[in-house]
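Position one of the sequence shown corresponds to residue 817 (my numbering), numbered consecutively onward.
Glycine included, each C-beta is placed from N, C-alpha and C at the ideal position.
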Amino acid sequence: MPETSRGNEENVRRNINESVPTQPPPHPVQSFTSLRRNVSGASDNDAHLMFGALSKAVAENIIAGPHGALQPSQSFIPPERMSIASIQTVLMKITPSQEEEPIDFETAIEETGHGCFQYKLWILCGFVYACCSLSTTTLSLVLPAAQNDFNLKSVDKGVLNTAPLWGMVVGGYFWGHFADSRGRRFVLLWALSIDCVASFVSSLCQHYEPFYVLRIFNGFGIIGATSIVFAYLGEFLDDAHRDRYLARLELMWTVGIIALPVIGLAILPLKIEFGERGVFVYDSWRIFVFTCGIPSMIAALFVSMMPESPRFLLLQGKLTKTRDVLARMFVSNTGKRKEEFSVKVLSESAEAEHYYFQTVKNVPFCKRIKNLIWGILKQHADLFSGRSCFNIFITCYVDFGLISVYYTMMLWVPELLHRQKQYLDTHPGSSPSLCTTASIQAGEDQASSEIKLETFLHTIITCMACMPTTLMLLCLVELVSKKALLVGIMLSAAVPAACLVHVYSVFQAVTMLSLLKSLTNLAEAILFCTIVQIFPINTRGTALSLTVTVGRIGSVVGNVVFGVMIDKNCSYLFYGMGANLVLSGLACLLLPNMKRE
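What follows is the structure in structure tokens.
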């Protein structure tokens, strides 16, 4: 080696060694290694990395600027012109300090605190869930009002009720894959937008067929929000708060189904009609359909202002974006500056190694499709293997039995009460059973399309009955396991379902229907909380969506069977609903035991 170069290297080493006055000068060959150990106790490997980086900095002509800043030079600068401050800057850049040790996600999310951000997020997710219940049940009040325009009979009403449910069957699985590949926020935003547009356009339809098709799109859109909102909210929460917040979402579902008859009472009785019959008419029930789409539009706007789930970003390996979301939560909860967030570096998620939809840039379209299909196949291989396979079959069976009853009653209660009121008006002083009044073909009477005030009030009562049980759930979810809650609710709901055969007054009918709706109303929310807990994050979205899809197939079957049997085989129908709930409740016993969080 030339004498000049050797002398320059010795000068740099001498300057570095002098920056650590508490240690004696090390051996010349060991100077860099000794310095690194003295500064932060690093290993030999760290010292070699530091030495290589510093040598590269010198070789690339980096010169010390003001206050030790590193600036590139146009001409060669010998190493002896680097200041000690410049060398120390290089050392700080290539080796993380003790404050920048990687932190696991659970610790990091606890560091964000708990407060304003979680409250705002719950309000938004609750509003989204209320939109879901409002959109799902819209047809329950449209059927009596639109029966003359579309010439509907009982079977036709049952078929029309299945329109959004068919959309849910298709959309549930579709959105599940997008939730696991594109993100939870992406699904919520697009699902709510589709529901909003479909509601607005369907309100313009003058014929049964296009109205039916557009209501399919309503179901296709809203099921994405219904199934994914639980995962979105839960992934912002730590273990200590997750169950409590997810259970509270059910409160907002109840708010949505209460809002529906209130909106209907304000709009449907109005004698509003624009246009000409036989050409184009826009009347009160169409305004009602339009109005029910407005909340979804508002919810989509607010969702667009929120960040993606930090757990999902971590699953994708996007550590910087994950930390940015956590820092945003920290600022909202504490009022401090983003720079004061103590977590600087996040450790990678173990589940990221098994993520099926890695983002690869500059890849041809066909290759991306191939990777997507391959990811879906690998995801399903994991979902349908081991204990997860058994769990998904149980959750699907339970949701099928539950929703076949719940959605059927939710969509048919206004119609049943409407028929009962019509029968009592024409048979004063009589005490008919619910099955007797249900056998009336409401479509035969032109005046029957006008929903009576009593029907609205009774519908509101059956919806408000869900509120006390929902409030009870908020307390029980912290004291009783979700498995025990599911079994108890299912078996309890079977009693009023079977008793509907034996009611002989309006009071009895409203009471039994209220009990049935209030109990079954709770079960799916608890089932969703269960799925969030028992399935890993990389299959959670698909598990939720598959369960929801099978449940909506149950709702299609339930509504079609109800429309076919209600006129002539009413008693068998209600007994069958009770048996269905019993079997679903017993199946819950096969779910794994879950700790209370």
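Within the same chain, and ignoring the five residues on either side of THR928 in sequence, the residues whose Cβ sits closer than 7 Å to its Cβ are LEU1142, MET1145, PHE1146 and ASN1149.
Secondary structure at GLY929: coil, using DSSP grouped into helix, strand and coil. In the DSSP annotation of this structure, the continuous segment of the alpha helix (DSSP H) that includes TYR1028 starts and ends at 1024–1050.
In the DSSP assignment, VAL1097 falls within the unbroken beta strand (DSSP E) covering 1096–1099. Here DSSP, grouped into helix, strand and coil, assigns PHE1090 to strand.
Annotated three-state conformation of LEU1084 is coil, per DSSP. When the beta-carbon positions are compared, PHE1027 and ASP1011 stay at least 9 Å from each other.
Separation of the CB atoms of ARG1127 and VAL1159 is rounded to 15 Å, and the pair is thereby denied contact status at 8 Å. Residues TYR1061 of the same chain have their beta carbon placed closer than 6 Å to that of LEU1053, with the five preceding and five following residues left out of the count. By the neighbour-count criterion, in which a residue is buried when 16 or more other Cβ atoms sit within 10 angstroms of its Cβ, CYS1251 is buried. Put simply, the backbone Cα of SER1163 is about 36 Å away from that of ALA946.
Note on geometry: alpha-carbon atoms of ALA1116 and LEU1004 lie some 7 Å from one another. LEU1407 carries a coil assignment under DSSP once its states are collapsed to helix, strand and coil. Judged by DSSP in its simplified three-state form, ILE919 adopts strand. Collapsing the DSSP output to three states places LEU968 in coil. Using a Cβ-Cβ distance cut-off of 8 Å, the stretch 1324–1341 and the stretch 968–979 are not in contact, since fewer than three pairs of beta carbons, one from each stretch, lie closer than that value. Around the beta carbon of PHE1323, fewer than 16 other beta carbons lie within 10 angstroms, which makes this residue exposed.
By the neighbour-count definition (other C-beta atoms within 10 Å, threshold 16), ASN1396 is a buried residue. Remark: fewer than three beta-carbon pairs, one from each stretch, lie closer than 8 Å, so the stretch 1239–1246 and the stretch 1195–1212 are not flagged as touching.
By the Cβ rule, the stretch 1375–1389 does not count as touching the stretch 1183–1200, because fewer than three pairs are nearer than 8 Å. Here LEU1338 carries a helix assignment [DSSP, helix/strand/coil].
For the 9 Å CB-CB criterion, VAL1229 and LEU1329 form a contact. Within the model, the alpha-carbon separation for VAL1119 versus SER1043 is close to 15 Å. In the displayed model, LEU1053 falls within coil according to three-state DSSP, outside both helix and strand. Within the same chain, and ignoring the five residues on either side of ILE925 in sequence, the residues whose Cβ sits closer than 6 Å to its Cβ are ASP1054. Between the C-alpha atoms of PHE1272 and GLU1156 there is a straight-line separation of about 54 Å.
Here TYR1222 is buried. Its C-beta has 16 or more other C-beta atoms within 10 Å.
The stretch 933–990 contains, as complete alpha helix (DSSP H) runs of 4+ residues, the segments 954–966 (chain order). C-alpha of LYS1194 to C-alpha of GLU1051: approximately 23 Å in a straight line. Under the three-state reduction of DSSP output, LEU1008 falls in the helix class. Between GLY1037 and the set TYR1048, ARG1153, CYS1282 and VAL944, the nearest pair of CA atoms involves VAL944. Secondary structure at LEU1316: helix, using DSSP grouped into helix, strand and coil.
One alpha carbon belongs to MET1288, the other to ALA1007, and they sit about 31 Å apart.
Rounded to whole angstroms, GLU1089 and GLY1401 show a C-alpha spacing of 48 Å.
Each of ALA1403, MET1280 and GLN1238 was checked against the Cα of MET1306, and the nearest Cα belongs to ALA1403. Residue state for LEU1295 is assigned as coil, using DSSP reduced to three classes.
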